[in-house]
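Peer 1: First to last, the protein sequences are chains R and X. Going by the numbering used here, 433 is the number at position 433 of the first sequence; the sequence numbering is gapless. Going by the numbering used here, 1147 is the number at position 147 of the second sequence; the sequence numbering is gapless. Every residue gets a Cβ at the ideal spot worked out from N, C-alpha and C, and that includes glycine.
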Amino acid sequence: MKIGLEIHAQLNTKKLFCDCDTDLLDNPTKTIERKLHVTVSELEEVDRAAFEESLKGKKHVYEAFDTSCLVYLDEEPPHEPNEEAIETVLKVSLLLNADIVDQIHFMRKMVIDGSNVSGFQRTAIVGLNGVVETDYGNVEIPTICIEEDAARKDREEKDRIFWKIDRLGTPLIEIATSPSIKTPEQGREVALFIGNILKATKKIKRGIGTIRQDLNISIDGGARIEIKGVQELNMIPTYIKEEVKRQENLLKIKEELEKRKAGIGEIYDITDLFKDTKCKIIKKAEKVLALKLKNFSGILGMEIQKDRRFGSELADYARKYVPGIFHSDELPGYGISEEEKNRVTEKLESDSFVIVASSKEKAEKALKEVIKRIKIAFQGVPEETRKPLENGATAYARPLPGEARMYPETDVPPYNISEELIEKIKRELPELPRDKKIRLMKQYNLNEENATKIMAYDPDFFEEIMREYSIKPTIFLKAVEIYRSLGCENLEDLKIVFDYISKNRLVKEGIEKVLEEFSKGNMDIERIIENHGLKPITESDAEEVIQRIVIQNRDVIEKKGERAVSVLMGECMKVLRGKVDGKIVNEILRREIEKIK
Amino acid sequence: MKRIRIRKGDHIYEGIEMPSVEEDYIVLKLDNGYNIGFRREGIDIEAIGEFEGHSKKIEWKAETKYRKDLRDVAILGTGGTIASKIDYTTGAVYPAFSPEELEAMVPEIFEIANIYPREIFQILSENMDVDKWIKIGKTVVEEINRGRGVVIAHGTDTMHYTASFLSFTLKNLNLPVVLTGSQRSSDRPSSDSKMNIYCSVKFATTDYNRVVVCMHGSMEDTFCYVHRGVKVRKNHTSRRDAFQSVNTKPVARVSYDGKIEFFEDLPEKHEGKTYFDDRIEKKVFLLKVFPGISPEIIDFLIDEGYKGIVLEGTGLGHVPSFLYDSIKKGIERGVTFCMTSQCINGRVNMNVYQTGRKLKALGVIPCEDILPEVCYTKMMHVLGHTEEYSEIKRLMRMNLSGEITKDTVIL
């Protein structure tokens, strides 16, 4: 098994080749319609992924904003690259023990799906030969690149794709590991480790989608698969395991197909067989075409990944032209009756087949894609770019890009990296996450587990809180965990909570309630404390309560003496829990008992 | 190209050596496609082989059967980014003008016309000069007289100069001459060249027998505007809709789906064959007036034997009064001075202020709403035909080719 990671993180600077901000915006003020072209003469040089995209022939509508400049509408050549972005990538490269190139050369990488207005993404190598030390062993980082993020897809209509260009050109750092990761868990650890280094630069954007992982996975006899855009670190092991399972199953299918002498037959027009069908999709369609298969029964419906069958892989390919397919292993179903299925079986003289219902042209094209995919099944696993699904499985996105799609960006001169610049950056390097963790453990008396958690959240925020408020690290962790489990990301909201706790205006036990209200949008902490009785009571109030309990239990004290403390402590806490610190209760109680004795 | 191995510190890098702009650096194309630069100092370089290159010539069998139902269009190449291909290794853009390559680039044009590509020369348009204009003009005449509409693929920088020069020198034009170019190089998928060529070829199949420029009408890939060759100007350094009609509307709008919408009537047909009028005076100068300009400049031009000076005056057509003496001297020695305005938009009027009246009295010819660049080529043409002041004045103030509009309409 070979696993490699590609980590992309957005830098919190201006755009890479102009001075526009990189904030995401809401209200576009201008739309620009474009077509992208791949010329036939380039066919052999242009890469297969790019070409496949261009075949779809869609128009692209770019939504621009008041603040958008001409560069990222491809109406003006790029300006000089953003220095802050380059320096950030240099910083990360040094933190990853990489060599820095003497001269950065920007390249154009063909991307013809429309996500780049120009039809290419600019990218350059900044660092080489880096290495990450993990508990599972060293992982090499052959390249660290700076590149441009793509536009955001807004929506798709029949022949148009709408893109927002606010994100286009946001500098990205791309960190690629060699395929030397050995286990799914190590994959997660490496991603986490690199993620922490990125965060240490303080120049990484925060929020959903700002750090994205691509996973490259292959098994013996399988093929290289790129799972693009995994956002949840904890899902990395699942995606890896599911992909391994998928490749293993595809290899099993290959074997089985050989054994059964399975084959692909002709395409038949079976529209007449569905005259009175209850299947809505077929009813609407102009034509119903069937692809005859030989000895595929059971294979089409075979689960190869969580909730995905071999038929799902076929459907992915067909999806370029139609919303979906029907295959014999899932029929009867979807409104197609047993009888209809039998009619098809009879006509095709085969019990395994794939049906597509659409216009004649689209249905034919879709079935050709299905044939293409089935042919590959006889070979094994196709090289693909796949998109992650929520459940840990993946779906086909496009063929894996080839090598030929890169050529020099002649509009941007080479960028020299002087030794002085490297020295300057070396002096400014932030504390390495690993060192920081050790320091945090010592300085705040944290155990390993809690220190790891704090590193994963935001160690700087943690230290800021520790400096400004007198609360314990465990309170900090508790609050962060609760807030995040409620789906809230903005840790700044917690400051007021910490403030109230450290000023003894909120009981620790009230954190959960307060944060729950916060998560509902109710940010009025005074009100929340008032409504839910979360105000700590004063020591003198507590004293009164304890005195009363002591007097009521005079006989117990007389009987048990000193040991009465543990009995009465329970009584006191019944009343005071959550309002006064137990330690204080204990102190008062001892004092009061002493008085009676 | 050479395949080389570079040793730097503990690491070895292999790839193709690329041309380097800076001498102190060597540029390597790694096998993953990326280029990186090394300082030559402190590295070992070893040649390990030759690299054949990707630039295989693609044999595209163009099925260019002659279709009787289509008009003939010649596409003339002069250089610029419009008809070019990229070398994917070096990133260098090189000309691509064979029928095969054109068909590969814009196959759609073979559906709307019988295409005859022909390369005149390959230069950047900033290197254009009068001799090259003449060569273009003569080639156009040959093609027109074969019954072909003409599309000229041209660099955009000076396309409007060429267009206006041809507007004055091509006589008896009976088919369209369409200049087009590209603001975003043809190698990029977002290039404007494809639509520009398509719309230009489409327009070249009409009966609009004048010289025009056909380029993107907006930042979108939806339509081109067709501009009179004498009323158009490059008004933006980089946008694809850089070319705009000044002081008038465009001639027509050509949609990317092939629909043509005319904003004016078709010109009348001419009798006889098209010919190139080669009586041209090259010694014409285009002078921009600015505060602090020195009269010595004009003196120098007179001494150098310039026959005509187009003044790109300020405002309605003015120059500082300390130039009067030099202008007077020039006129006395037979130099023609024409006045245009650096405002670009609007019309010269030398009656409003005293400065204007004085210049007129000296003999400076007010040139209405002729663009300075157009005035320059017009003067070359006019001075090629006569040396007599009154005749020059009559011709300069006469509308020869649509360069003067009688009224500046509200656009």
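Can you tell which of G561(R), D581(R), L491(R) has its C-alpha closest to the C-alpha of K595(R)?
Peer 2: Within the first sequence, residue 595(R) is the residue found at index 595, counting from 1. Selected option, being the one with the closest Cα: G561(R).
Peer 1: What three-state label does DSSP hand K109(R) in the structure shown?
Peer 2: Within the first sequence, residue 109(R) is the residue found at index 109, counting from 1. DSSP places K109(R) in strand when its eight states are reduced to three.
Peer 1: Of all the CB atoms in chain X, is at least one closer than 7 Å to the CB of H8(R)?
Peer 2: Here residue 8(R) corresponds to residue number 8 of the first sequence, with the count starting at 1. Not one chain X Cβ lies under 7 Å of H8(R).
Peer 1: My output table needs one value for S297(R): the three-state DSSP class, helix, strand or coil.
Peer 2: Taking the first residue of the first sequence as 1, we reach residue 297(R) at position 297. Three-state DSSP puts S297(R) in coil, outside helix and strand.
Peer 1: What is the DSSP secondary structure of V575(R), counted as helix, strand or coil?
Peer 2: Position 575 of the first sequence, counting from 1, holds the residue named residue 575(R). The answer is helix: DSSP assigns V575(R) an H, G or I state.
Peer 1: What ranges does the alpha helix (DSSP H) occupy inside the segment 431–503 of chain R, keeping only unbroken runs of at least 4 residues that lie completely in it?
Peer 2: The qualifying runs are 433–443, 448–457, 459–468, 473–485, 494–502.
Peer 1: Give me whichever residues DSSP pairs with A366(R) in a beta bridge.
Peer 2: Taking the first residue of the first sequence as 1, we reach residue 366(R) at position 366. In the DSSP output, where bridge partners are listed per residue, A366(R) has none listed.
Peer 1: Residues of chain R with a CB under 7 Å from the CB of R1184(X): which are they?
Peer 2: As a working mapping, residue 1184(X) is identified with position 184 in the second sequence. Here the neighbours are D74.
Peer 1: Looking at the unbroken beta strand (DSSP E) that takes in N138(R), where does it start and where does it end?
Peer 2: Translated into positions along the first sequence, residue 138(R) becomes position 138. Segment 137–148, the beta strand (DSSP E) holding N138(R).
Peer 1: Below 8 Å, how does it come out for the segment 1126–1136 of chain X and the segment 1153–1161 of chain X: are there three or more Cβ pairs, yes or no?
Peer 2: Yes, the segment 1126–1136 of chain X is in contact with the segment 1153–1161 of chain X.
Peer 1: Would you call M523(R) buried or exposed, if buried means 16 or more other Cβ atoms sit within 10 Å of its Cβ?
Peer 2: One-based indexing of the first sequence puts residue 523(R) at position 523. Exposed, because fewer than 16 other Cβ atoms sit within 10 Å of the Cβ of M523(R).
Peer 1: I'd like to know whether the C-beta atoms of G229(R) and I161(R) end up nearer to each other than 7 Å.
Peer 2: The count along the first sequence starts at 1 and reaches residue 229(R) at position 229. The count along the first sequence starts at 1 and reaches residue 161(R) at position 161. No, the pair does not count as a contact, with Cβ atoms beyond the cut-off.
Peer 1: Taking Cβ-Cβ distances shorter than 7 Å, what residues in chain X pair up with G119(R)?
Peer 2: On the first sequence, position 119 is the one that residue 119(R) refers to. Here the neighbours are R1188, P1189, S1190.
Peer 1: Please tell me whether Y1198(X) has its Cβ less than 7 Å away from any Cβ of chain R.
Peer 2: Against the second sequence, residue 1198(X) aligns to sequence position 198. Chain R contact via Cβ: absent.
Peer 1: Please identify the residue among G119(R), E481(R), D316(R) whose C-alpha is closest to the C-alpha of Y62(R).
Peer 2: Within the first sequence, numbered from 1, the residue matching residue 62(R) stands at position 62. It is G119(R).
Peer 1: Taking the CB atoms as reference points, tell me whether S1200(X) and T1180(X) lie closer together than 7 Å.
Peer 2: Here the question's residue 1200(X) lines up with position 200 in the second sequence. Here the question's residue 1180(X) lines up with position 180 in the second sequence. Cβ distance < 7 Å, so S1200(X) and T1180(X) count as in contact.
Peer 1: Taking the DSSP output, what are the residues bridged to M569(R)?
Peer 2: Taking the first residue of the first sequence as 1, we reach residue 569(R) at position 569. In the DSSP output, where bridge partners are listed per residue, M569(R) has none listed.
Peer 1: If we cut at 7 Å on Cβ distances, does D272(R) have a partner in chain X?
Peer 2: Locating residue 272(R) in the first sequence gives position 272, where the first residue counts as 1. No, because no Cβ of chain X sits closer than 7 Å to the Cβ of D272(R).
Peer 1: I need the straight-line Cα distance from D159(R) to K1194(X), nearest angstrom please.
Peer 2: The residue labelled residue 159(R) in the question sits at position 159 within the first sequence. The residue labelled residue 1194(X) in the question sits at position 194 within the second sequence. Taking the straight line joining both Cα atoms gives about 20 Å.
Peer 1: Please classify F120(R): does DSSP put it in a helix, a strand, or coil?
Peer 2: Position 120 of the first sequence, counting from 1, holds the residue named residue 120(R). Looking at F120(R) - three-state DSSP - the assignment turns out to be strand.
Peer 1: If we cut at 7 Å on Cβ distances, does R1253(X) have a partner in chain R?
Peer 2: Within the second sequence, residue 1253(X) is the residue found at index 253, counting from 1. It does not; no Cβ of chain R falls within 7 Å.
Peer 1: Name the DSSP bridge partner or partners of Q1122(X)?
Peer 2: To locate residue 1122(X), count along the second sequence from 1; it is residue 122. Its beta-bridge partners do not exist; DSSP assigns none.
Peer 1: Do F1243(X) and V1226(X) have their CB atoms nearer than 7 Å?
Peer 2: As a working note, residue 1243(X) is residue 243 in the second sequence. As a working note, residue 1226(X) is residue 226 in the second sequence. Against a cut-off of 7 Å, the Cβ pair of V1226(X) and F1243(X) comes out as no contact.
Peer 1: Please tell me whether I299(R) and I253(R) are closer than 7 Å, where the distance is taken between their beta carbons.
Peer 2: If you number the first sequence from 1, residue 299(R) lands on position 299. If you number the first sequence from 1, residue 253(R) lands on position 253. In contact: I299(R) and I253(R) (Cβ atoms closer than 7 Å).
Peer 1: Return the residues of the segment 1036–1049 of chain X that lie within a Cβ-Cβ distance of less than 8 Å from chain R, sorted by chain order.
Peer 2: Correct list: I1036, G1037, F1038, R1039.
Peer 1: Taking three-plus beta-carbon pairs below 8 Å as touching, is the segment 1103–1117 of chain X in contact with the segment 1130–1139 of chain X?
Peer 2: With a cut-off of 8 Å, the segment 1130–1139 of chain X and the segment 1103–1117 of chain X do not count as touching, because too few Cβ pairs lie within range.
Peer 1: Ignore the nearest five residues each way along the sequence and tell me which others in V1352(X)'s own chain have a CB closer than 8 Å to its CB.
Peer 2: Here residue 1352(X) refers to the residue found at position 352 of the second sequence. Closer than 8 Å at Cβ, skipping near neighbours: L1316.
Peer 1: Inspect the beta-carbon positions of I1075(X) and V1151(X) and report whether they are closer than 7 Å.
Peer 2: Here residue 1075(X) is taken as the residue at index 75 of the second sequence, counted from 1. Here residue 1151(X) is taken as the residue at index 151 of the second sequence, counted from 1. Yes. Within cutoff.
Peer 1: Identify, in the order they occur along the chain, each residue of the same chain with its Cβ nearer than 7 Å to the Cβ of V370(R), setting aside the five sequence neighbours on each side.
Peer 2: As a first step, residue 370(R) is located in the first sequence; it is residue number 370 there, counting from the start. Closer than 7 Å at the Cβ level, and outside the excluded window around V370(R), lie L291, L314, Y317, A318, I325, V354.
Peer 1: Between the alpha carbons of S1191(X) and I454(R), how many angstroms are there, rounded?
Peer 2: As a working note, residue 1191(X) is residue 191 in the second sequence. As a working note, residue 454(R) is residue 454 in the first sequence. Their Cα atoms are separated by approximately 50 Å.
Peer 1: Hey, would you say K1069(X) sits closer than 7 Å to N1247(X), going by beta carbons?
Peer 2: Counting from one through the second sequence, the residue named residue 1069(X) turns up at place 69. Counting from one through the second sequence, the residue named residue 1247(X) turns up at place 247. This sequence places Asp at residue 1069(X); Lys is not what is there. In this structure, N1247(X) does not lie closer than 7 Å to D1069(X) by Cβ.
Peer 1: Comparing C-alpha positions only, which one of D1299(X), K1288(X), D1278(X), K1283(X) sits nearest to M1339(X)?
Peer 2: Translated into the one-based positions of the second sequence, residue 1339(X) becomes position 339. Residue K1288(X) is the option with its Cα nearest to M1339(X).
Peer 1: Does any C-beta atom of chain R lie closer than 7 Å to the C-beta of K1194(X)?
Peer 2: Taking the first residue of the second sequence as 1, we reach residue 1194(X) at position 194. Interface residue, yes.
Peer 1: Cα-Cα, which of D499(R), K91(R), G127(R), E346(R) is closest to R467(R)?
Peer 2: What you label residue 467(R) is simply residue 467 of the first sequence in a count that begins at 1. When each option's Cα is compared against that of R467(R), the closest is D499(R).
Peer 1: Suppose you measure from the CA of L1371(X) to the CA of V1213(X); what does that come to, to the nearest Å?
Peer 2: Locating residue 1371(X) in the second sequence gives position 371, counting from the first residue. Locating residue 1213(X) in the second sequence gives position 213, counting from the first residue. If I take the Cα positions, the gap works out to 15 Å.
Peer 1: Around the C-beta of S485(R), are 16 or more other C-beta atoms found within 10 angstroms, so that it is buried, or is it exposed?
Peer 2: For this step, residue 485(R) is matched to residue 485 along the first sequence. So S485(R) ends up on the exposed side.
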